[in-house]
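A.B. asks: What follows is a single structure, and I will ask about it in a moment.
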C-alpha cells in the first residue's frame, strides 16, 4: 500500500465518492487510518459563538477545520463537497430537528452564508484500538456506536450552551488501561476517555437506551468506557435554538484525506 | 511557599496590583511560574475572523482565554481588569498605531463591544529554562526580549492576514536541545522553537535591529533560537486594518493566576 499525506491509496476520496453516489450507512470502520469529522454549520451571525463554544470545550469539540462562510471544500479533503459527501444530515430550525436528508445542496442554496465546523471524531482512533487487539463491539456487530447525553454542562459561549454528549465502547477490563493510553495520544479526536464505568455518575440511567446510535453489545467482563463526542454541538443546538443549523447524522461522518498520524502526539 | 491553583502565594494578583498602580516595565521575570498572556481586542464584528485566525495559527496564537463582548475580567485571573492590569497598551485605528497608553478604561468606554483574546506568551516558560540552568540573556541584561517580523505568512482567516512574528533568545549551543525539549512541553505558550540559527532563512536581515523590544545580548557560542510570538496579531492588525483594535505593548503582558503547569503536557 502506498501511503502518503493524502491518505492510504486515496481511500478517503474513494469513500467520499461512494457516499456522494448514495451510500448512507454509518462510517465507523471505513477508510481506516484517516481522520473522520463531525459537521456543524451555522449562519455567519452565529459563527463566533459556535467557534468560541468549541474553543472553550475542546474535549467534545476539537476543531480540525473551519470553513469560510459559504465554502464547502475542506482543506483536509481536496475535491470534497460538504453538501454531498456525508451519508446523512440533520436540518435544525430554531433548535428543533426538522428533517434528515442525504443531500444538502439545496440547504446551502437557501443559506449561502453557512459557516461549517469540522470536529474530530472518535471513529478516527478505532483503527488504533483494533490494531492493539481491542475489540470494537459495535463494529463487530455491524451497528452504530451508542451515544448518550450526560448531565455534565459544557462551558457556555455567548448564546450557546448545552450538555456534554459521549460515545460509549465496552472494553474488556484488562484492556481498559491500554485503550486510555492509545486514545490519549489523539487529543484532536477527543483523546482519552472522560469517564470509565459507573454511567449513573454522569447522568446515564440506561445503557441499553442510547440517545443517538444503536443499543450497545456488552460482553461479560466489559467495562463501559465513555469518550467525549462530536454530537455535543447538536445537543447545544437543541438547547440554544439558533434560527438554523445543519449537522451530520450521528455516526455518519465526513471522511477526510488526513492520516490520523497528523494529529497524533 | 504555599502553592495552589490560584498561583504562588497570590503573586499574580500582587503583580497586577503593582501594574494597576502604575508600574510600566516589561513583565519578563515577574511572577515566575504563572502564565503570561498577550492581548488583542477587536470590535465584535471582527471577532470571528480573529478567533479563526488564531485557531488556524495555533503556534503564534495559542488562545488561553476569550472574553465575551465588553467583558474585562478573565477567568484565568479572578478580580482582574484588562483595562488597567497591563503595563502598556497600543491603540490601533485602521491598522495604524495611534498611541501608546497605560490605562485603557476610556478605550473600553468608547468601544463597549470589544472582544478580548488572551494569547499565551513565551515569558511563561522562561522560568523553566532558568531552572534548567539555561541563561535568559535579555532578563540578565534587564532588557525587553527582541522580536522580529519574519517573511513567513500566517494562514489567513476571513479579512485577517499577516506575517509571523518571532521572539529570539540566544542560547548556548550545548543547551539548545534542552531548550527545545523544555519548551515543547508548553504548546499553549508557543511550544518548541519555530527556527534555530540562520535568521536570514526566515527573512530577518539584522539581529541587532529587532522590530519590537530591545536589541539582543548575544554571547560567544550562542545560537539564535526563535519562538513564535503573540505579537503576531499586531502584525496582522497592521496588514489587515480593522477599523479599531487595542493590544498590549510588546513585552508588557497580562499576568494571570494560572500556574504554567496547567498548560504543561
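Residue numbers (the UniProt record's numbering), protein chains in the order written: chain A, 1 to 265; chain B, 1 to 265.
For every residue, glycine included, the Cβ atom is placed at its ideal position computed from N, Cα and C.
Keep in mind the model is a prediction, meaning the values are calculated, not measured.
Between 249(B), 76(B), 147(B), which has its C-alpha nearest residue 263(B)'s C-alpha?
C.D. replies: The option with the nearest alpha carbon to residue 263(B) is 76(B).
A.B. asks: Beta-carbon within less than 6 Å of residue 101(B)'s beta-carbon, same chain only, minus the 5 sequence neighbours each way: which residues are those?
C.D. replies: Within the same chain, residue 101(B) has close Cβ partners 89.
A.B. asks: Return no unless some Cβ of chain A is closer than 8 Å to the Cβ of residue 309(B).
C.D. replies: Given a span of 1 to 265 for chain B in the structure shown, any question on residue 309(B) remains unanswerable.
A.B. asks: If we cut at 8 Å on Cβ distances, does residue 234(A) have a partner in chain B?
C.D. replies: So no, residue 234(A) is outside the interface.
A.B. asks: Find the nearest neighbour of residue 190(B) within the set 230(B), 128(B), 247(B), 92(B), judged by alpha-carbon distance.
C.D. replies: Among 230(B), 128(B), 247(B), 92(B), the Cα nearest to that of residue 190(B) belongs to 230(B).
A.B. asks: Below 8 Å, how does it come out for the segment 211 to 219 of chain B and the segment 238 to 247 of chain A: are there three or more Cβ pairs, yes or no?
C.D. replies: Flag = no, the segment 211 to 219 of chain B and the segment 238 to 247 of chain A do not touch.
A.B. asks: Check distances from the C-beta atoms of the segment 48 to 69 of chain A to those of chain B and list, in chain order, the residues that come in under 7 Å.
C.D. replies: Correct list: 48, 51, 52, 55, 63, 66, 68.
A.B. asks: Given the structure, does residue 57(A) come close to the ligand ZN, in the sense that its CB is under 7 Å from one of the ligand's heavy atoms?
C.D. replies: What this structure holds is no ligand at all, so the ligand ZN is not there to describe.
A.B. asks: Let me know the secondary structure DSSP gives residue 253(B) once reduced to three states.
C.D. replies: Here residue 253(B) sits in coil by DSSP.
A.B. asks: When DSSP labels each residue in this structure, what does residue 248(B) get in the three-state scheme?
C.D. replies: Strand, per DSSP.
A.B. asks: What residues in its chain sit with their C-beta under 6 Å from that of residue 4(B), if we drop five residues either side in the sequence?
C.D. replies: Residue confidence for residue 4(B) is low, a pLDDT of 41 falling below 50, so the modelled location carries little weight; the figure read from the coordinates is stated next. Cβ within range, chain order: n/a, list empty.
A.B. asks: Residues in its own chain within less than 7 Å of residue 52(B) by CB, not counting five upstream and five downstream?
C.D. replies: Excluding positions up to five away in sequence, the list reads 157, 158.
A.B. asks: Which complete beta strand (DSSP E) runs does the segment 144 to 230 of chain A hold, if anything under 3 residues is left out?
C.D. replies: 147 to 153, 163 to 172, 222 to 228, all fully within the segment 144 to 230 of chain A.
A.B. asks: According to the neighbour-count rule (16 or more other Cβ atoms, all chains shown, within 10 Å of its Cβ), is residue 7(B) buried or exposed?
C.D. replies: Residue placement at residue 7(B) is poorly supported in this model, since its pLDDT is 44, which falls under 50; the coordinates still yield a value, given next. Label assigned to residue 7(B): buried.
A.B. asks: What residues in its chain sit with their C-beta under 6 Å from that of residue 98(A), if we drop five residues either side in the sequence?
C.D. replies: Here the set comprises 91.
A.B. asks: Closer than 8 Å, CB to CB, is residue 191(B) near chain A or not?
C.D. replies: For residue 191(B), the answer is no, since every Cβ of chain A falls outside 8 Å of its Cβ.
A.B. asks: Can you find a CB in chain B that lies within less than 8 Å of the CB of residue 158(A)?
C.D. replies: So, interface residue.
A.B. asks: Do you know offhand how far residue 180(B)'s Cα is from residue 141(B)'s?
C.D. replies: So the alpha carbons of these two residues sit roughly 23 Å apart.
A.B. asks: Tell me which same chain residues have a C-beta within less than 7 Å of the C-beta of residue 136(B), skipping the five on either side of it?
C.D. replies: If we look at residue 136(B) and ignore the five residues flanking it on each side, its Cβ neighbours are 126, 129, 130, 169.
A.B. asks: Would residue 113(A) count as contacting chain E if we go by Cβ distances under 8 Å?
C.D. replies: Absent from the structure: chain E. Protein chains present are A and B.
A.B. asks: My output table needs one value for residue 134(B): the three-state DSSP class, helix, strand or coil.
C.D. replies: Note: residue 134(B) maps to coil in three-state DSSP.
A.B. asks: Just how far apart, CA to CA, sit residue 23(B) and residue 86(B)?
C.D. replies: Roughly 9 Å separates the two Cα atoms.
A.B. asks: Check for me: the beta strand (DSSP E) holding residue 240(A) runs from which residue to which?
C.D. replies: Unbroken run through residue 240(A) is the alpha helix (DSSP H), 232 to 240; no beta strand (DSSP E).
A.B. asks: By the three-class DSSP mapping on this structure, what secondary structure does residue 129(B) have?
C.D. replies: Helix, per DSSP.
A.B. asks: Give me, in chain order, the residues of the same chain whose beta-carbon lies closer than 6 Å to that of residue 81(B); leave out the 5 immediate sequence neighbours on both sides.
C.D. replies: Result list for residue 81(B): 72, in chain order.
A.B. asks: Taking the straight line between their C-alpha atoms, what separation do you get for residue 61(A) and residue 55(B)?
C.D. replies: Cα to Cα, residue 61(A) sits roughly 13 Å from residue 55(B).
A.B. asks: Assuming contact is defined by CB atoms lying nearer than 8 Å, are residue 95(A) and residue 194(A) in contact in what I supplied?
C.D. replies: Not closer than 8 Å, so no.
A.B. asks: Using the Cβ count rule (16 or more neighbours within 10 Å means buried), how would you classify residue 220(A)?
C.D. replies: By the neighbour-count rule (16 or more Cβ atoms within 10 Å), residue 220(A) is not buried but exposed.
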